[in-house]
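Mapped onto the numbering used here, the consecutive letters of the sequence shown carry residue numbers 74 to 360.
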Amino acid sequence: MSGWFHLRPVAPDVWLVAEPSHVNSWLVAGRDRAVLVDTGLGVAPIRPAVEAVCPLPVDVVNTHAHLDHVGGNGEFARVAAFGAVERPSAAERASYLGWMREVLAAVAAYRELDARYFHLLSADSDPRPLPDDIERWVEPGPPPGPDPEPLADGDVLDLGGRTLTVLHTPGHSPDSLCLLDDRDGVLFAGDTVNTGPIYAQAPECDLPAFAASTGRLAALADDVSLVAMSHFGRGVAEPRYLHEVAVAFDRLVTGDPTVQVRAARDCDGDEVREAVFDACSVFLPAG
Ligand SMILES: [Zn+2]
């Protein structure tokens, strides 16, 4: 184990670029160029990690503008996104740093139980020590990067022998997008689909839009070979999972009274309600 990032290939010319237990970015290469789907937290330089596995020119696409997806934008000349990317505030970063420290404080006990009983931890998910200069990440923070070139639903990005189709998938945020790799069927899902709690609790979240977006992804499942997600220990899922998430959101928007809901806390420490399903859960606003 060394460094902040863990990279491994998951499909032909597709790499997981994990900041284990925090966020996954994804690198996808064609013949002529590559796209880095999100740039992570920005607590350590992501570009050298990417260039170590890919010699092609790399442009960035942000799945949305949350701080854990845009932190390394300043290391790249070209960024594209569905909307504007605003620099996260120091308060937002300080809040997330508290969460990173909370995770590290919890992980020793978790590692011990996992090694004895569960065997789920891997290099994809086992959190790494924070960089020595982590306080600089809070203040002044990483450079915000170039103004994004605007994307629209249906745009096709040509990497040479491989294209990525932009799918506008609002719900988690108004600017959320997914990318579908038309050559090998990898769906880069951003925060629209995750295998831990799916975050739908923030004021900018839109549950009916979320249900429409996850329903749209489920309808594309036959064209998907692998779902590449942004968070939690399982970075990839089988296409069948798209249906399970869509059914969960459908049950929420139709007011299914049999949905189990419990109290939980999100990574900002805020109280939320968690709707629990067999395959996933969804964070909803408290109260
Ligand atoms: Zn997000």
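Quick reminder that beta carbons are idealized off the backbone N, C-alpha and C, glycines included. Please read these numbers as outputs of a predicted model, since none were measured by experiment.
Exercise. Apart from the five residues on each side of it in sequence, which residues of its chain come closer than 6 Å, Cβ to Cβ, to Thr287?
Worked result: Contacts found: Val318, Ala319 and Phe322.
Problem set entry | Contacts around Ser168, its chain only, beta-carbon distance under 8 Å, and the 5 residues preceding and following it disregarded | Cβ within range, chain order: Asp341 and Gly342.
Exercise. With 16 as the cutoff for other CB atoms within 10 Å, does Ala359 come out buried or exposed?
Worked result: Counting other Cβ atoms within 10 Å of its Cβ, Ala359 stays below 16 and is therefore classed as exposed.
Exercise. To the nearest angstrom, how far is it from the Cα of Arg184 to the Cα of Val83?
Worked result: Roughly 24 Å between the two C-alpha positions.
Exercise. With distances taken from CA atoms, which of Pro118, Cys127, Val345 and Gly227 is nearest Gly214?
Worked result: Closest by alpha carbon: Pro118.
Exercise. Just the residues with CB closer than 5 Å to a heavy atom of ligand 1, in chain order, which are they?
Worked result: For ligand 1, the selected residues are His139 and Asp264.
Exercise. Where does the unbroken alpha helix (DSSP H) through Ser162 begin, and where does it stop?
Worked result: No alpha helix (DSSP H) holds Ser162; DSSP gives it neither H nor E.
Exercise. From Ser186 to Leu237, what distance separates their C-alpha atoms?
Worked result: Note that residue 186 is Leu in the sequence shown here, rather than Ser. Using only the alpha carbons, I get a separation of about 41 Å.
Problem set entry | Any 3 or more C-beta pairs closer than 8 Å across the stretch 163–177 and the stretch 225–239 | Output reads no: the stretch 225–239 does not touch the stretch 163–177.
For this session: Go through its chain and collect everything with a Cβ distance to Trp99's Cβ below 6 Å, but skip five positions before and after it.
Result: Cβ neighbours of Trp99 beyond the five flanking positions: Val110, Phe261 and Ala301.
Problem set entry | Minimum C-alpha distance to Val101 - residue among Thr112, Ser94, His95 and Glu92 | Looking only at Thr112, Ser94, His95 and Glu92, the smallest Cα-Cα distance to Val101 is reached by Thr112.
Exercise. Taking the DSSP output, what are the residues bridged to Gln333?
Worked result: Answer is Val349.
For this session: Starting from the C-beta of Arg335, find all residues in its chain whose C-beta is less than 6 Å away, skip the five residues before and the five after it, and write them out in chain order.
Result: For Arg335, where only same-chain residues beyond five positions count, the Cβ hits under 6 Å are Glu347.
Problem set entry | Pairwise C-alpha distance: Asp199 and Ser94 | If you draw a straight line from the Cα of Ser94 to the Cα of Asp199, it comes to about 6 Å.
Exercise. How about the stretch 293–300 and the stretch 253–269: do they share at least three Cβ pairs that are nearer than 8 Å?
Worked result: At 8 Å Cβ cutoff, the stretches touch.
Exercise. Going by DSSP, what residues sit across from Ser94 in a beta bridge?
Worked result: For Ser94, which the question treats as bridged, DSSP gives no partner whatsoever.
For this session: Please name the residue or residues paired with Pro270 in a DSSP beta bridge.
Result: Paired residues: Ser354.
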